[in-house]
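>
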Amino acid sequence: TQPAQPGIESDMNPRPVQPEYYTGSGKLQGKTALITGGDSGIGRAVALAYAKEGADIAINYLPEEQSDADETTTLIEHEGQRCLQLPGDVSDESVCISLINECVTQLGGLNILVNNAAIQFPTADIEQISAEQWEKTFQTNIHSVFYMSKAAIPHLTKGDAIINTTSVNPYTGNPELMDYTATKGAIVAFTRSLAQNVAERKIRVNMVAPGPVWTPLIPSTFDEDTVSQFGTNTPLGRPGQPADHAGAYVLLASDDGAYITGQCIHVNGGMIMSS
Ligand code: NAD
15 TQPAQPGIES DMNPRPVQPE YYTGSGKLQG KTALITGGDS GIGRAVALAY
65 AKEGADIAIN YLPEEQSDAD ETTTLIEHEG QRCLQLPGDV SDESVCISLI
115 NECVTQLGGL NILVNNAAIQ FPTADIEQIS AEQWEKTFQT NIHSVFYMSK
165 AAIPHLTKGD AIINTTSVNP YTGNPELMDY TATKGAIVAF TRSLAQNVAE
215 RKIRVNMVAP GPVWTPLIPS TFDEDTVSQF GTNTPLGRPG QPADHAGAYV
265 LLASDDGAYI TGQCIHVNGG MIMSS
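Structure follows, in C-alpha cells:
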C-alpha cells in the first residue's frame, strides 16, 4: 500500500487528485481530449480539469493494474461531460492506433492529446538495469509518445494541441532513475522537433515537467526517511499534488496558449529555474 503523503493529513486519500480548487470557465467547450494514464495521479487531475473546462474525455490506462478508471469516469460525468474508458497498453503501436480511432469514432473527434503514461524502476547502479528493463521503459515512456502522436495528427486541425508529460529529471539528472530520465529527455527533444514539424498546420506541441509528486508512480517501498523528505528539497518545501498541474495543462490545451509551442512548463515548486 501507498505510504502516507508527507505534509498531508494522514487520513487523507493517498491519491488526492481531484482539483477541488480548480474551477473551469468553458475554455475547452466542445473539445475532446484523450489522456494516457488518465485514470490516476497527474493524468486523472488533468482529465478532471479538462472536464471542468467543458471537454469530453477519453482516459487510457493499463487494464491489468488496479485502476481508478470507474471513479474518474463518475467524476467526469458529474461535470456533465462524456468519459470514454480506453484500457490498453500504449507500448504497442497497434493499440495506440485503436485508441485514437475509438476516441474519434465514439466521441466524434480529437482535439487534445495528452501523452502522460509512464513507468519507472528505481535502480542504484547501472549494473542493475537489465536490457529488458531499459527497453520496457523506453517502449512505455517514449515509443508510446511517438505512436500516439503519429496516429493522432491526421485527426488534429488548427488550434488543436498535443501535451507531453516529461519530468524535472532530464534537466537535473537522476542517478537512481537513469533509464527513466533518458526517456524523459527524449520526450523533451521529440516535443521540440514535432512542434516545429506541425507548426505550419497550426497544431501546437508542448510539455509539462513535474517535480516530485506523490502519486502511485512513487514506489511504496520507500523507507520512512525517504518518504518524510520527499519534495521538501523544493524551494516551496513540499511535494507537488496532482491538482497543482491542472492549470499548466489547461493553458497549453486552450486558446490562452495559442502562441505557445515547443515549450516546457516546469511545475516543481521552484526546483529548477531555467531550462
Ligand atoms: P501514476 O502511476 O499515477 O500514473 C501512471 C499512469 O500510466 C497510470 O494510469 C498507468 O495505468 C499508466 N500506464 C503505465 N504504463 C502504461 C502502459 N503501458 N499503457 C497505458 N498506460 C500505462 O503516476 P503519475 O505520477 O501521475 O505519472 C504521470 C506522469 O507524470 C508520468 O509521465 C510521470 O513520468 C510523470 N512524472 C511524475 C512525477 C512524480 O513525482 N509522480 C514526477 C515527474 C514526472
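Residue numbers (the UniProt record's numbering): 15 to 289.
Just so it is clear, CB atoms sit at the ideal spot from N, CA and C, and this is done for glycine as well.
Would you call residue 162 buried or exposed, if buried means 16 or more other Cβ atoms sit within 10 Å of its Cβ?
Result: buried.
> Identify which residue in 156, 135 and 221 has its Cα closest to the Cα of residue 192.
With distances taken between Cα atoms, residue 192 lies closest to 135.
> Can the beta-carbon of residue 228 be found closer than 8 Å to that of residue 204?
Not in contact: residue 228 and residue 204 (Cβ atoms no closer than 8 Å).
> If residue 121 and residue 174 are in contact, beta carbons under 8 Å, what's the gap, nearest whole angstrom?
With 8 Å as the limit, residue 121 and residue 174 do not qualify as a contact, their Cβ atoms being about 14 Å apart.
> Alpha carbon to alpha carbon, how far is residue 47 from residue 89? Give it in angstroms, no decimals.
Computed Cα separation, rounded: 16 Å.
> Determine, using beta-carbon pairs with one atom in the segment 244 to 255 and one in the segment 205 to 222, whether at least three such pairs fall under 8 Å.
No, the segment 244 to 255 is not in contact with the segment 205 to 222.
> Would you call the CB atoms of residue 179 and residue 130 closer than 8 Å?
Going by C-beta atoms, residue 179 is nearer than 8 Å to residue 130.
> Mapping DSSP to helix, strand and coil, what is residue 46?
Strand.
> Taking residue 82 as the reference, give the member of 237, 103, 57 and 92 with the closest Cα.
Checking every option, the nearest Cα to that of residue 82 belongs to 57.
> Within 7 Å: the Cβ of residue 250 and any heavy atom of ligand 1?
Answer for residue 250: no, Cβ out of range of ligand 1.
> Quick check: what's the CA-CA separation for residue 149 versus residue 107?
Spanning the two alpha carbons is a distance of roughly 15 Å.
> Any idea if residue 221 is buried or exposed, counting beta-carbon neighbours within 10 angstroms, 16 or more meaning buried?
Counting Cβ neighbours within 10 Å, residue 221 comes out buried, since at least 16 surround it.
> With H, G and I counted as helix, E and B as strand and the rest as coil, what does DSSP make of residue 179?
Strand.
> Please report the straight-line C-alpha distance between residue 246 and residue 100, rounded to a whole angstrom.
One C-alpha to the other measures close to 36 Å.
> In its own chain, which residues sit with a C-beta less than 8 Å from the C-beta of residue 190, not counting the 5 before and 5 after it?
Around residue 190: 136, 137 and 138.
> List the whole-angstrom C-beta distance separating residue 52 from residue 74, where the pair is believed to meet the contact cut-off of C-beta under 8 Å.
At roughly 6 Å, the Cβ-Cβ gap stays under 8 Å, so residue 52 and residue 74 are in contact.
> Which same chain residues end up closer than 6 Å to residue 154 when comparing Cβ atoms and leaving out the 5 residues on each side of it in sequence?
Counting only Cβ-Cβ distances below 6 Å, and skipping sequence neighbours, we find 105 and 133.
> For residue 184, tell me which candidate among 92, 167 and 202 has the shortest Cα-Cα distance.
That would be 202, whose Cα lies nearest to the Cα of residue 184.
> Write down every uninterrupted run of the beta strand (DSSP E) in the segment 174 to 248 whose length is 3 residues or greater and which is fully enclosed by it, in chain order.
Qualifying beta strand (DSSP E) stretches, in chain order: 175 to 179 and 218 to 224.
> Should residue 177 and residue 45 be called a contact, given that it needs their Cβ atoms to be closer than 8 Å?
The answer is no: Cβ separation not under 8 Å.
> How would you call residue 55, buried or exposed, if buried means at least 16 neighbouring beta carbons within 10 angstroms?
Per the 10 Å Cβ criterion, buried.
> Mind checking who residue 281 pairs with in its DSSP beta bridge?
Partner(s): 224.
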